[in-house]
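Just below is one structure, and these are the notes that go with it.
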Amino acid sequence: MSSDIENLAKQTENLSIEPIYNTNWCDMPAEIKVECIGKMELIERLSLRSTAKDERSLVDSQTIKFRKGEFRGNAYCFDASLYSENGYELSKNLTDSSNEAFEFVRYIWKVGVFENLKISFYGTAYTRKMKKYTGEIKAKNVELHYGDILILPMIVQKLNDGIESIMTYPDSLGAPNLDFNKLFAIPQIQNVPYWHIGNCDQTESLHRVAKMWIDRNSKVGCTFQIYIFADGSFKEFLEHFTERIVSKNEKRARIRTNNPDRHIILERGLIEIVDDLVEIPQFFRLMVISVEMKESEYDDNCEKWISKICPEYRKENNI
Numbered sequence: 001m002s003s004d005i006e007n008l009a010k011q012t013e014n015l016s017i018e019p020i021y022n023t024n025w026c027d028m029p030a031e032i033k034v035e036c037i038g039k040m041e042l043i044e045r046l047s048l049r050s051t052a053k054d055e056r057s058l059v060d061s062q063t064i065k066f067r068k069g070e071f072r073g074n075a076y077c078f079d080a081s082l083y084s085e086n087g088y089e090l091s092k093n094l095t096d097s098s099n100e101a102f103e104f105v106r107y108i109w110k111v112g113v114f115e116n117l118k119i120s121f122y123g124t125a126y127t128r129k130m131k132k133y134t135g136e137i138k139a140k141n142v143e144l145h146y147g148d149i150l151i152l153p154m155i156v157q158k159l160n161d162g163i164e165s166i167m168t169y170p171d172s173l174g175a176p177n178l179d180f181n182k183l184f185a186i187p188q189i190q191n192v193p194y195w196h197i198g199n200c201d202q203t204e205s206l207h208r209v210a211k212m213w214i215d216r217n218s219k220v221g222c223t224f225q226i227y228i229f230a231d232g233s234f235k236e237f238l239e240h241f242t243e244r245i246v247s248k249n250e251k252r253a254r255i256r257t258n259n260p261d262r263h264i265i266l267e268r269g270l271i272e273i274v275d276d277l278v279e280i281p282q283f284f285r286l287m288v289i290s291v292e293m294k295e296s297e298y299d300d301n302c303e304k305w306i307s308k309i310c311p312e313y314r315k316e317n318n319i
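Residue numbering for the sequence shown follows the UniProt record's numbering, beginning at 1 and increasing consecutively.
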């Protein structure tokens, strides 16, 4: 870090035949300061931000990439963990102030670009904060845990264009039914290549997502996964698309879309759980596929895609 700054300082000396500034921060030109800031970790930027208040806008204008970010908040506490691309880790913990916590969140979301982002917000205080938040959340893969159903679309519609995966989970006690009409109107849901819902009780989810894909002529590769404890999802899907069915058996159903080059396939994940006391969820994967895909190309190993939506299953089976 220090060598980078020294090299940049030397560059400033060569910008003029007769140097008109020294290596003090206040004497550096803005373009050199920007290069220095770009090399700094978050904690260094926060320190600079507090000591050079007149130049906060310059500090805040530079994004910082994070390999992973986690934000967890409820009515009693807040904590965040940030992991930079260089392996640097920063944690922040608060016990009683959602206002202070969200000010920190607001700043990090303003400057941060995340490879993986996990948000777990519970309580009406965070729902109110998200409703007022007008910034963008820049991330590639997002995992959302929530208690208040209203907060989910508020977060999703703040995500940047080009999001690659959205993974959603209600709290362990479940949550009110999702408003699919509201979610399907959000461009990030319409265009995301991968979306899953964990622990959902709405059996209509599969045929609703398939209908959205058909209406929007979604691209080959679009994938939706869900695990659900209620019965009826597979049956409802078949009944809804009776006239579009290409093939079906107990594990799969394949239907036509309005595009002659594309089909949609629904797969049921069948796994064995030896504990008789455990209520076994039903796992489903929905995908847009090429009409040219043959049955011999189907993936019969469902354990890998199940482990993506259900990390507990991955841990138990060492996947």
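Beta carbons: idealized from backbone N, C-alpha and C, even for Gly.
Residues sharing a beta bridge with residue i, DSSP
i	result
I245	I255
T168	L144 and I197
L90	L82
CB contact check: residue i to chain B, cutoff 7 Å
i	result
S57	The structure shown contains no chain B; it is built from a single protein chain.
Chain-order list of residues whose beta-carbon lies under 7 Å from that of residue i (same chain, five-residue window excluded)
i	result
L277	In this prediction, L277 scores a pLDDT of 45, lower than 50, which makes its location untrustworthy; the coordinate-derived value is nonetheless stated afterwards. So the list is empty, once near-sequence residues are dropped.
A75	G123 and A125
E204	E236
beta-carbon residue i near the ligand GTP non-hydrogen atom, thresh 6 Å
i	result
I265	As presented, the structure is devoid of all ligands, the ligand GTP included, so that no description of it is given.
Residue range of the beta strand (DSSP E) that includes residue i
i	result
P153	Per DSSP, P153 belongs to no beta strand (DSSP E); it is in the alpha helix (DSSP H), I151 to V156.
D79	F78 to S84
W195	Y194 to I197
Contact set for residue i: own chain, Cβ-Cβ below 6 Å, skip 5 residues either direction
i	result
K129	F102
T223	Y194 and M287
D148	T127
F180	R208
Residue i and residue j closer than 7 Å at C-beta
i	j	result
E143	M167	yes
A139	F114	yes
Y169	H145	yes
S47	F66	no
R268	K294	no
M182	P153	Note that residue 182 is Lys in the sequence shown, not Met. Yes.
I309	Q202	no
I43	L82	no
C77	T63	no
K68	N24	no
Q188	L150	no
Y107	E41	no
I32	F71	no
Boundaries (first-last residue) of the alpha helix (DSSP H) holding residue i
i	result
I32	A30 to K39
E44	L42 to T51
Y133	Counting along the chain, Y133 falls outside any alpha helix (DSSP H), and DSSP gives it neither H nor E.
Close Cβ partners of residue i (< 8 Å) along its chain, the five nearest in sequence each way excluded
i	result
E164	K140, N141, V192, P193 and Y194
I214	T257, N258 and I264
F237	L206, H207, A210, A253 and L266
N301	none
G198	M167, T168, Y169, P170, I226, Y227, I309 and C310
Is it a yes or a no for the region 46-65 touching the region 30-37, going by three-plus beta-carbon pairs under 8 Å?
Counting Cβ pairs under 8 Å, three or more are found: they touch.
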